[in-house]
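Residue numbers (the working numbering), protein chains in the order written: chain A, 1 to 160; chain B, 161 to 988.
Everything on this sheet refers to the single structure shown next.
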Amino acid sequence: MEPVRGQRITVEVNGERHERDVEARRLLVHFLRDDLDLTGTHVGCDTGNCGACTVILNGVAIKSCMLLAVQADGTSVETVEGLSPDGELHPLQEAFSSFHALQCGYCTPGMLMSAKHLLDHNPEPTEGEIRRAIQGNICRCTGYVNIVEAIASAAKGGRR
Amino acid sequence: MSETTVTPDQPITVEREETAPGFIGVNVPRKEDKRLVQGEGVFVDDVKRHGMAYVHFVRSPYAHAAISRIDVSKAMAREGVYGTLIGEEVAAETDPFFQIAPPPAGELKDYALAVGRVRHVGEPVVAVAAASRELARDAAELVEVDYEPLEPVLDPEHAADPGAPQLHDEAPSNTIWQGNFDYGDYDAALAEADKVVRIKRLHFHRFSSTPLETSGAVVEYNRGTGQWTIHSNNQFPGFAIIMMAPALKVGMDKLRFVSQDIGGGFGNKICTHVQLVAMCLLARKLNRAVNWTEWRTDQHTANSHGNERVFLDVEVPVKADGTMLGFKARAIDDCGAFTRYEPLGCIIWAQVTPGVYRWRNVRLDFTQVCTNKSPCGPNRGYSRMQHLWFTERVMDIVAQELGADPVEIRKRNYIRADEMPYETPNGCVYDSGDYARCLDEALELIDYGSIDEKRRDAESRGKLLGVGIGSTLDSGTNNFGQSTIVNPELQFSGNNEVATVKLDIFGEVVVTLGTTPQGQSHETTAAQVVADILKVSPEDVNVRAGHDSYWNSHAGFSGTYASQFAVTGLGAVKGATEMLAEEIKKIGSVVLGADSPDDVELEGGFVRRKDNPEAALPFMACGAIVNANNAVLPLEYRDITLNCRYVYVPPHQLPDKERKYGNLTLTYANQIHACVVEVDPETGVYEIVDYGAVDDCGVRINPLIVEGQVHGAAAQSIGAATHETFPYDEDGNLLTPNFYDYHVPHALDMPPLKTTSIESPSPFTPLGAKGMGEGGGAGISAVGSALQDALRGSGKPVVTNSSNPYHRVWELLRNPEESRALVEVEER
């Protein structure tokens with residue numbers, strides 16, 4: 001019997017429903033980037049280590065390079081593009097900018113999604129909890145110093 | 161050859177003007193952030209074109225082999241495959257890349273794909289283009305390549321041995337370059353010494369900054385005009401175009417380089433011209449746009465590594481009071497399989513010959529060899545990092561062997577603030593700095609005053625505590641004339657960068673840069689400089705994002721590399737903005753009926769008469785008059801365009817090639833780092849429990865941005881010191897080809913980073929600023945220094961390697977004698 005090589009999937013991304021035929025082996029990250037043209041989610045390592053592709057799937061922060069698009073069938077996905085739907089920056093986005101928590105900006109979308117997942121579940125995290133929450137996200141520019149501060153500040157409503 | 165020109169007694173000094181309170185020195189929010197935090201940046205893999213092909217490289221599984229057969233027919237038969245490219249076609253259609261090395265090694269052949277032979281695991285052999293990423297990868301597996309394996313050269317210290325296999329027929333003994341550097345009077349220093357410390361071997365390891373975004377390109381070919389548009393993340397288009405145009409046998413203007421956002425570079429994205437030529441050939445052959453996005457493993461196995469370097473037979477003459485008179489050593493540098501940016505590293509280290517120390521007598525025999533490993537290239541701190549690590553290791557080993565205090569002996573040997581500008585034994589001029597003060601500040605950050613107490617506390621917990629110090633001289637705005645020291649036939653010297661600033665028809669200020677930023681915030685700092693001159697807000701200044709060589713804002717050395725934007729880039733911005741300000745004033749004076757441009761001033765987006773501020777002309781009217789209503793202007797004002805282009809050229813001179821002498825760079829930012837480690841004596845596992853970094857880069861245009869660079873560079877050096885390494889097995893396979901095996905610091909790995917800064921303005925630059933992106937090397941020294949200090953009660957082992965993962969510390973603890981055997985002290 002020929003194996004199934006593709007499937008029609010329905011995924012809700014940032015509140016919008018998308019129906020697409022995808023190859024069975026298509027990674028979720030490539031589905032988002034190439035099929036839906038949501039290029040804010042990045043690829044950095046191909047092995048699930050760097051977290052640049054982090055999105056929130058059914059309320060859980062996941063690495064979208066570690067999931068097939070067909071596995072996301074019927075789920076609801078939030079990407080960085082969903083953080084500021086009406087153009088007004090999310091408090092985390094504001095804090096990342098005001099604390100200079102990004103330089104090249106390549107890790108930033110994944111970092112923001114991990115941070116959002118943290119604050120959604122733990123609105124008042126300690127520094128250790130923040131560091132643990134972003135442990136799966138590699139940044140090569142900042143040494144994480146300002147990222148940790150920005151997340152802490154966003155948790156406190158923008159205060160230092 | 162022409163006569164050499166010797167540098168003048170004192171370099172040309174740029175007058176510093178008093179700047180009114182403005183935006184320079186202020187933490188202006190970054191212009192780049194709004195798009196980047198929303199995922200609306202445009203990185204290279206975000207660029208899409210209709211019918212675009214995806215390219216996958218078939219790469220060598222062997223470190224060294226002859227290619228006996230390539231068959232792409234099965235791949236071509238696969239549906240969705242558009243075409244392939246093999247070495248034979250590359251050799252027919254392109255010339256080998258220009259080589260910086262002098263003959264004989266300078267005659268080696270480097271092409272976009274392997275031709276007849278592979279020289280490292282991961283070397284591109286065949287390119288396959290197909291309708292999707294997945295198809296390209298599938299088809300690549302169908303390409304058949306037959307190899308005849310050859311013995312690889314893997315140990316740089318034995319690469320030049322008689323009988324060693326040869327990588328390149330043109331490079332006998334696998335030697336790329338060799339030169340002797342002899343400054344001061346080393347023999348006299350040796351005779352004068354009270355003690356001589358000898359170190360048999362110090363080793364600086366291979367690693368790289370591994371930018372999170374891998375290399376890539378989307379290349380389009382325009383058949384009608386013969387022009388390529390290269391959307392890429394190459395960070396030094398000036399260099400890439402010089403390499404690519406002759407290889408492709410076209411004029412430089414046929415290569416249009418475009419980039420917007422780049423996901424980190426750190427030097428590792430300078431040498432992608434090789435793959436870009438393969439993309440150009442494919443785009444032309446297939447007549448369609450082609451995308452190449454490097455896989456992580458490809459970046460690790462076949463991109464730019466930082467050079468490995470070994471220092472042998474080190475000799476340090478020391479006076480009884482701890483004054484070191486200089487050093488002698490043999491350095492062997494490994495550049496990997498090809499010489500893409502090399503052998504420039506053989507001279508670039510000499511920008512910092514004595515490090516931060518007053519060492520006047522230096523004798524260094526420097527050899528660069530090739531091996532069957534990934535090619536090397538610039539990596540944050542390029543070539544100076546290896547050498548500065550060597551100077552700091554020498555300092556700590558001498559201190560330990562002489563029983564001297566590592567802080568006191570440093571201060572005794574540091575170049576002093578009152579000696580600035582300081583000329584080094586090889587004619588470089590350190591512009592400004594106060595190393596002793598930076599050290600004091602760094603020690604303050606780690607609370608050095610109570611270190612004995614902390615040591616006792618650690619002991620009570622069964623831990624060994626150690627304190628370490630390191631330094632970086634972040635030399636920037638380099639003088640490409642130094643290339644003539646490695647190859648006297650080269651016709652490169654000086655440096656330049658360009659910017660254009662214009663006032664558009666509706667009064668908008670628009671700035672274009674020649675640079676290719678990868679996180680360095682050029683849009684923001686350029687706007688700060690423009691705002692101060694035009695007396696507007698940075699928000700009113702529109703700095704175009706990214707780079708396009710067709711903007712006419714591209715000079716021979718354009719790019720973002722080698723710590724220079726604050727000098728060259730902002731120097732160009734300042735020059736162009738001042739030109740524009742003069743033009744606006746001229747128009748304003750005519751329209752407002754003032755006697756001369758000196759009678760008007762700029763303020764808040766208006767030109768105003770000084771004697772009557774009510775008489776004001778908005779910028780919008782200026783832009784409109786010149787661009788769309790110029791018949792109102794007197795004839796003598798019709799040459800005003802309000803579109804000003806300025807090329808900043810630093811005051812460099814040609815170095816003396818024979819003596820290898822001269823000023824090789826313009827500025828010297830510096831950092832002093834201090835750290836505290838706690839080592840578990842049973843396992844060698846250690847933790848960095850405190851860390852302080854002090855930066856001095858002269859005038860800081862935007863302190864928050866500077867501090868961000870300090871944080872990042874420190875993190876990279878902590879990674880390099882602890883876990884990041886590119887080791888190879890005996891067959892030449894890289895053992896750390898992905899982020900599973902190549903462990904970069906995560907948020908939990910990082911110690912608390914404490915930073916502070918002092919400002920010693922550069923007397924030689926337009927804004928008193930210095931480039932400062934490469935400050936991290938200090939951390940590699942500081943961690944090694946702290947480990948040696950922590951282990952001194954455990955048999956006094958000597959740290960001789962820049963890479964110190966836990967198992968190496970355990971080895972030092974278990975067998976201190978092994979490292980001690982590398983050091984001896986001769987008492988006179």
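Don't be surprised by glycine CBs; every beta carbon is placed ideally from N, CA and C.
Residue-level contact to chain B via CB, residue i, 8 Å cutoff
i: D120/A; result: no
i: Q7/A; result: no
i: N14/A; result: no
i: L67/A; result: no
i: V53/A; result: The residue you asked about is not Val; residue 53/A is Cys in the sequence shown. Chain B, which has no Cβ nearer than 8 Å to the Cβ of C53/A, makes this no.
i: F96/A; result: yes
i: Q71/A; result: no
i: V22/A; result: no
Among the options, nearest to residue i - alpha-carbon criterion
i: D891/B; options: I507/B, E619/B, A300/B, E311/B; result: E311/B
i: V985/B; options: G482/B, E561/B, P406/B, P773/B; result: E561/B
i: A261/B; options: N647/B, S963/B, I800/B, N463/B; result: N647/B
i: F652/B; options: E308/B, A659/B, N638/B, P677/B; result: N638/B
i: R518/B; options: P811/B, T916/B, A377/B, M555/B; result: M555/B
i: L605/B; options: Y851/B, E763/B, T531/B; result: Y851/B
i: S543/B; options: F526/B, V558/B, S534/B; result: F526/B
i: E763/B; options: E248/B, A741/B, D909/B, D231/B; result: A741/B
i: L89/A; options: E200/B, V207/B, R277/B, V275/B; result: E200/B
i: L894/B; options: E283/B, I390/B, A726/B; result: E283/B
i: C141/A; options: R520/B, I230/B, G879/B, D840/B; result: G879/B
i: E78/A; options: K63/A, V70/A, R132/A; result: K63/A
i: A319/B; options: L362/B, G936/B, L548/B, K533/B; result: K533/B
i: L624/B; options: G240/B, I402/B, G844/B, R448/B; result: G844/B
i: T800/B; options: H547/B, C782/B, V809/B; result: One detail in the question is off: residue 800/B reads as Ile in this sequence, not Thr. If we check each option's Cα against that of I800/B, C782/B comes out closest.
i: L673/B; options: D494/B, G735/B, V204/B, Q511/B; result: G735/B
Residues bridged to residue i (per DSSP)
i: M484/B; result: V478/B
i: L633/B; result: N830/B
i: Q338/B; result: T527/B
i: I230/B; result: V305/B
i: W388/B; result: Y381/B, L415/B
i: N638/B; result: T825/B
i: V278/B; result: A225/B
Terminal residues of the beta strand (DSSP E) in which residue i lies
i: G243/B; result: 241 to 246
i: L415/B; result: 415 to 419
i: Y501/B; result: Here Y501/B belongs to no beta strand (DSSP E), and DSSP marks it neither H nor E.
i: V215/B; result: 213 to 219
Contact set for residue i: own chain, Cβ-Cβ below 7 Å, skip 5 residues either direction
i: E253/B; result: L441
i: E987/B; result: K355
i: N187/B; result: N862, P863, L864
i: G719/B; result: Q395, F396, P397, G398, F399, T675, T676
i: H42/A; result: A52, C53, Y106, P109, G110
i: V148/A; result: E127, I130, R131
Cut-off 6 Å between Cβ atoms - residues of its own chain near residue i, not counting five sequence neighbours on either side
i: L350/B; result: P477
i: A407/B; result: T254, D255, F257, V437
i: V166/B; result: Model confidence at V166/B stands at a pLDDT of 36, short of 50, so the residue's coordinates are unreliable and nothing is read from them.
i: V959/B; result: G944, L947, Q948
i: V849/B; result: V836, E838
i: I507/B; result: Q642, I645, V646
Contact with chain A by residue i, beta-carbon distance below 8 Å
i: E986/B; result: no
i: L864/B; result: yes
i: L913/B; result: yes
i: T179/B; result: Reliability of the predicted coordinates at T179/B is poor, the pLDDT of 46 falling under 50, and the value obtained from them is presented with this limitation in mind. Closer than 8 Å: no.
Own chain, CB closer than 8 Å to residue i, minus 5 neighbours either side, in chain order
i: R190/B; result: S681, E683, T684, I865
i: A405/B; result: G411, M412, K414, L415
N- and C-terminal bounds of the alpha helix (DSSP H) containing residue i
i: G6/A; result: Note, G6/A: premise wrong, no alpha helix (DSSP H); beta strand (DSSP E) at 6 to 13.
i: F550/B; result: 544 to 562
i: D949/B; result: 937 to 950
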